[in-house]
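**Student:** Under the numbering used here, the first residue of the sequence shown carries the number 395, and numbering increases by one thereafter. The beta-carbon is built from N, C-alpha and C at its ideal position, and this holds for glycine as well.
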Amino acid sequence: ILGGNKFGLDTVLVLTGNTAPQEAELRILATGIIPTYVCESIGGLGEEKEGV
395 ILGGNKFGLD TVLVLTGNTA PQEAELRILA TGIIPTYVCE SIGGLGEEKE GV
């Protein structure tokens, strides 16, 4: 995600079940490394997550 952001590319963070959506949001806010999209599974690609 960091590399994609550096080069102006869209990025996707896929939650695989090891990371809860709330934990992912906290990590995103803490690091400032922000993906374009956050999906709970591969099937959710293209559905933008609200609040992140």
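Quick one, are the C-beta atoms of residue 434 and residue 396 less than 9 angstroms apart?
**Tutor:** no
**Student:** Can residue 404 and residue 411 be called in contact, C-beta distance under 9 angstroms?
**Tutor:** no
**Student:** Note down, in chain order, each residue of its chain lying with its Cβ closer than 6 angstroms to the Cβ of residue 427, except the 5 sequence neighbours on either side.
**Tutor:** 395 and 396
**Student:** Any idea what DSSP makes of residue 409, helix, strand or coil?
**Tutor:** coil
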